[in-house]
Amino acid sequence: MDFTTFKDRESQSFESYLEGLFSHLGKTALREAMAYSFYSPGKRVRPLLLLACLASFGFNPQLGYPAAGAVELIHTYSLIHDDLPAMDDDDIRRGQASNHKKYGEGLAILAGDGLLTLAFELILSTPVSDPTKIKLTQLLSQTAGPSGMVLGQALDLAGEGEDLSLDQVSDIHAKKTGQLLRFTLEGAGLIAQKDPDTCQLLGELGLEVGLAYQVRDDILDLTASSSDLGKPRGSDQDLSKSTYPSLLGIQGAKDQLAQSLHSCLELLKEIEKASHFDKSILESFILSLNLEGDWDG
């Protein structure tokens, strides 16, 4: 099975699950702002990767719905905050007005806060043992928090207008993008009760997928249209950010993308050898990260 087939099979059931996440919050402006971004058109790639990883180990994907929902809540909160005037100052997200343009900066910040904290409530409903819930919660905190995604965003903000080295740019994106993808795959390994070595390989794959995505995103930021991106074209360039194309040139960045995708496929082979694992779904996803693919992040 390829990733598109898995997505088509699983999306409706997973979306039905997500639709109930805010039902206990009451009809408030905060809930409306949270829902505006969370239910905006998106491909749910991060949660679907977690579910696909579980399926690849032979588990029912529904076992991962709470963890998958949690990672999407975290991702959405990060987008709301990233779009704020104090950060990237983007007015468009996924083809519609950014949250702060729709609801104002104050409520947008609170909507992000609400999504973030709800993620930790949700992950504790994962139908696994208490020790595994603790491991999942710790992993989510590590990858999304001040040693992971949030640190990456802080380094990215500090790097605006600076001439960063390739190692510095790679470190920023390993944290900003890669760490949450690390949770996506390593978290699936924890839910599936896989051994520590296999979970570590899954985490490494998540980081490498994050690198490939970021290189691809940097290239498309210069070459794709704003309508295709769902956000303003050249936003990184406008903020004077160091990117893979600015450091390596377009062709050099394309070569880096090819190298990273190759590393992803090699890690996938190692995981297949280490554990009972059908790599076909994740392999097709990795191949879709070439420049002709359609992942919008």
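Reminder that position 174 of the sequence shown reads as 262 in this note's numbering, one-by-one numbering, no gaps. C-beta atoms are modelled at their ideal positions from N, C-alpha and C, and glycine is treated no differently.
DSSP three-state assignment for Gln100, whether helix, strand or coil: DSSP, reduced to helix, strand and coil, places Gln100 within a helical segment of the structure shown.
DSSP three-state assignment for Arg119, whether helix, strand or coil: helix
Reduced DSSP secondary structure (H/G/I, E/B, other) of Ala280: DSSP places Ala280 in coil when its eight states are reduced to three.
Three-state class that DSSP yields for Arg181 in the structure shown: If DSSP states are grouped into helix, strand and coil, Arg181 belongs with the strands.
Same chain, Cβ closer than 6 Å to Ser465, five either side skipped, listed in chain order: This structure cannot speak to residue 465, because the chain is shown only from 89 to 385.
Alpha helix (DSSP H) segment containing Lys357, residue limits: 332 to 362
Contact set for Ala280: own chain, Cβ-Cβ below 7 Å, skip 5 residues either direction: Leu142, Phe145, Phe147
The alpha helix (DSSP H) enclosing Glu248, as first and last residue numbers: No alpha helix (DSSP H) contains Glu248, which DSSP labels as neither H nor E.
Contacts around Glu358, its chain only, beta-carbon distance under 7 Å, and the 5 residues preceding and following it disregarded: Correct list, in chain order: Leu289.
Alpha carbon of Leu335 to alpha carbon of Leu245, nearest angstrom: Taking the straight line joining both Cα atoms gives about 18 Å.
C-alpha gap between Phe208 and Gln267, whole angstroms: 17 Å
Closest residue to His163 among Leu228, Lys223, Ser104, Ala174 (Cα-Cα distance): Leu228
Three CB pairs or more closer than 8 Å across the segment 157 to 175 and the segment 122 to 139: With the cut-off at 8 Å, the segment 157 to 175 and the segment 122 to 139 touch.
Sufficient close CB pairs (3 or more, under 8 Å) joining the segment 212 to 224 to the segment 289 to 303: no
Phe102 burial status per 10 Å Cβ neighbour count (16 or more: buried): Using a 10 angstroms sphere on the CB of Phe102, the tally of other CB atoms reaches 16 or more, which defines it as buried.
Burial state of His112 (16 or more Cβ within 10 Å): exposed
Whole-angstrom distance between Gly240 and Ala174, CA atom to CA atom: 16 Å
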